[in-house]
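Chemist:
Numbering (our numbering), first residue to last: 3 to 143.
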């Protein structure tokens with residue numbers, strides 16, 4: 003039986019069909035962040051045990067829209083932008099675990115399947131969505 007290769011499925015003899023290449027992955031992009039405060043009880047509803055809202059500013063929420071460029075160590079995806087560029091929108095809240103403060107991603111949407119696969123591998127609750135980001139242009143209104 004032939005050896006199959008690839009970081010994630012689909013795996014083949016050459017490994018070229020894998021949805022994403024092996025890590026490490028590198029990211030750069032344009033991000034827009036909106037921070038606001040909400041009822042800390044609403045934040046608590048989003049946190050699984052044993053996490054709790056952070057003691058400092060427990061109602062803090064950030065929504066981030068990102069237009070990402072990503073690639074693996076080889077950079078092979080850069081030859082085909084469809085495999086390297088994606089948009090994402092995610093919501094993070096402050097939480098506490100064993101006395102330390104962290105940010106937890108409670109919602110996240112992406113517009114490409116490879117971003118979902120990589121994110122699920124990394125532990126993010128990614129779902130497919132349609133994301134658009136207004137950006138300034140020097141010749142625009």
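All residues carry an ideal CB built from backbone N, CA and C; glycine is no exception.
Bear in mind the structure is a predicted one, so any value in this text is a computation, not a measurement.
Over what stretch of residues does the alpha helix (DSSP H) that includes residue 121 continue unbroken?
Modeler: Taking the first residue of the chain shown as 1, we reach residue 121 at position 119. Where residue 121 is concerned, the enclosing alpha helix (DSSP H) stretches over 115 to 124.
Chemist: How far does the alpha helix (DSSP H) with residue 44 in it reach, from first residue to last?
Modeler: Reading the chain shown from its first residue, position 42 is the one you call residue 44. From DSSP, the alpha helix (DSSP H) with residue 44 extends over 42 to 47.
Chemist: Let me make sure I understand the geometry here. Which of 113, 134, 135, 107 has the alpha-carbon closest to that of residue 124?
Modeler: Residue 124 sits at position 122 when you count from the first residue of the chain shown. When only C-alpha atoms are compared, the closest one is 107.
Chemist: State the DSSP-derived secondary structure class of residue 83, mapped to helix, strand or coil.
Modeler: Here the question's residue 83 lines up with position 81 in the chain shown. In this structure, residue 83 counts as helix in the three-state DSSP scheme.
Chemist: Across which residues does DSSP place residue 33 in a beta bridge pair?
Modeler: Here residue 33 corresponds to residue number 31 of the chain shown, with the count starting at 1. Bridge partners of residue 33: 68.
Chemist: Give the DSSP-derived three-state secondary structure of residue 78 in the structure shown.
Modeler: One-based indexing of the chain shown puts residue 78 at position 76. Of the three classes helix, strand and coil, the one that applies to residue 78 here is helix, per DSSP.
Chemist: Between which two residues does the beta strand (DSSP E) harbouring residue 130 extend?
Modeler: On the chain shown, position 128 is the one that residue 130 refers to. It spans 128 to 130 - the beta strand (DSSP E) in which residue 130 sits, taken as one unbroken run.
Chemist: Could you check what DSSP says for residue 54 in three-state terms: helix, strand or coil?
Modeler: On the chain shown, position 52 is the one that residue 54 refers to. In this structure, residue 54 counts as strand in the three-state DSSP scheme.
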